[in-house]
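**Q** Got a structure for you, written out below as structure tokens; questions coming shortly.
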Amino acid sequence: MADARTLDLPDGRTLAFDDVGDPAGVPVLFCHGTPDSRRARHPDDGLATAAGVRLVAVDRPGIGGSSPDPSATVGSIADDAIALADHLGIDRWRPLAWSAGAPHALALAARHPGRVARATVVAGLVPFAAYAT
Numbered sequence: 011m012a013d014a015r016t017l018d019l020p021d022g023r024t025l026a027f028d029d030v031g032d033p034a035g036v037p038v039l040f041c042h043g044t045p046d047s048r049r050a051r052h053p054d055d056g057l058a059t060a061a062g063v064r065l066v067a068v069d070r071p072g073i074g075g076s077s078p079d080p081s082a083t084v085g086s087i088a089d090d091a092i093a094l095a096d097h098l099g100i101d102r103w104r105p106l107a108w109s110a111g112a113p114h115a116l117a118l119a120a121r122h123p124g125r126v127a128r129a130t131v132v133a134g135l136v137p138f139a140a141y142a143t
């Protein structure tokens with residue numbers, strides 16, 4: 011598994027991310043669940059290469075190697091993903107979300123529709139408040 015890279019954001023925070031697979035492949039942003047991190051992705055980077063995928067996995071604020079952001083929202087985290095895409099020269103993501111990464115992938119697609127080719131959610135987090143009695 012590759013060592014984390016980092017991006018320094020304009021507000022002084024740092025995002026930690028992995029960028030593996032085929033550099034010219036389909037850009038997929040892995041949105042990890044909770045309490046996971048970018049390391050929840052498959053450890054064999056060769057699988058992404060073989061699939062023709064450029065897999066970017068980022069730690070959300072306060073997780074793994076990313077700086078905390080006490081005021082973070084799913085919207086601001088979507089904006090962080092766009093800053094990362096710009097840094098990496100990626101025009102359009104294909105977010106792939108697992109569990110609690112779902113709100114972040116969907117917020118990215120809703121907030122920046124021109125920057126998302128399609129979003130995929132696997133075993134997405136349900137809105138627990140909707141089931142409260």
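Just so you know, the numbering used here puts 105 at position 95 of the sequence shown, and the rest follows in order with no gaps.
Beta carbons are placed, not taken as given, at the ideal position from N, Cα and C, and that holds for glycine.
(1) Kindly list the residues whose CB is nearer than 6 Å to the CB of L106, restricted to its own chain and excluding five residues on each side of it in sequence; keep chain order.
(2) List, from N- to C-terminal side, the alpha helix (DSSP H) runs of 4 residues or more that fit wholly inside the region 78–118.
(3) Classify V66: buried if its beta carbon has 16 or more other beta carbons within 10 angstroms, exposed otherwise.
(4) If you measure between the beta carbons of P91 and V63, is that distance less than 8 Å?
(5) In the DSSP assignment, what residue or residues form a beta bridge with V36?
(6) Expressed to the nearest angstrom, what Euclidean distance is found between the alpha-carbon atoms of D55 and T83?
(7) Going by the beta-carbon positions, is the gap between W108 and A133 smaller than 8 Å?
(8) My output table needs one value for R15: the three-state DSSP class, helix, strand or coil.
(9) Sort out for me which residues DSSP pairs D28 with in a bridge.
(10) Within the same chain, show all residues whose beta-carbon is closer than 7 Å to that of G43, passing over the 5 residues directly before and after it, in chain order.
(11) Exposed or buried, what is D18 when buried is set at 16 or more other beta-carbons lying within 10 Å of its beta-carbon?
(12) Spell out the partners DSSP gives V126 in its beta bridges.
(13) Once you ignore the five residues that flank G146 on each side, which residues in its own chain have a CB closer than 6 Å to its CB?
**A** Taking the structure as given:
(1) Around L106: V38, F40 and T130.
(2) Taking only runs of at least 4 residues, the alpha helix (DSSP H) segments lying wholly in the region 78–118 are 84–98.
(3) Buried is the call here.
(4) It should be pointed out that residue 91 corresponds to Ala in this sequence rather than to Pro. No.
(5) V63.
(6) Within the model, the alpha-carbon separation for D55 versus T83 is close to 30 Å.
(7) Going by C-beta atoms, W108 is nearer than 8 Å to A133.
(8) Under the three-state reduction of DSSP, R15 is assigned to strand.
(9) According to DSSP, which records beta bridges pairwise, D28 is partnered with A67.
(10) Excluding residues within five positions, the ones whose Cβ falls inside 7 Å are A50, W108, S109, A110 and G111.
(11) Residue environment for D18: exposed (fewer than 16 other C-beta atoms within 10 angstroms of its C-beta).
(12) Paired residues: W103.
(13) Lying outside 11 to 143, the shown extent of the chain, residue 146 is not represented and no answer is given.
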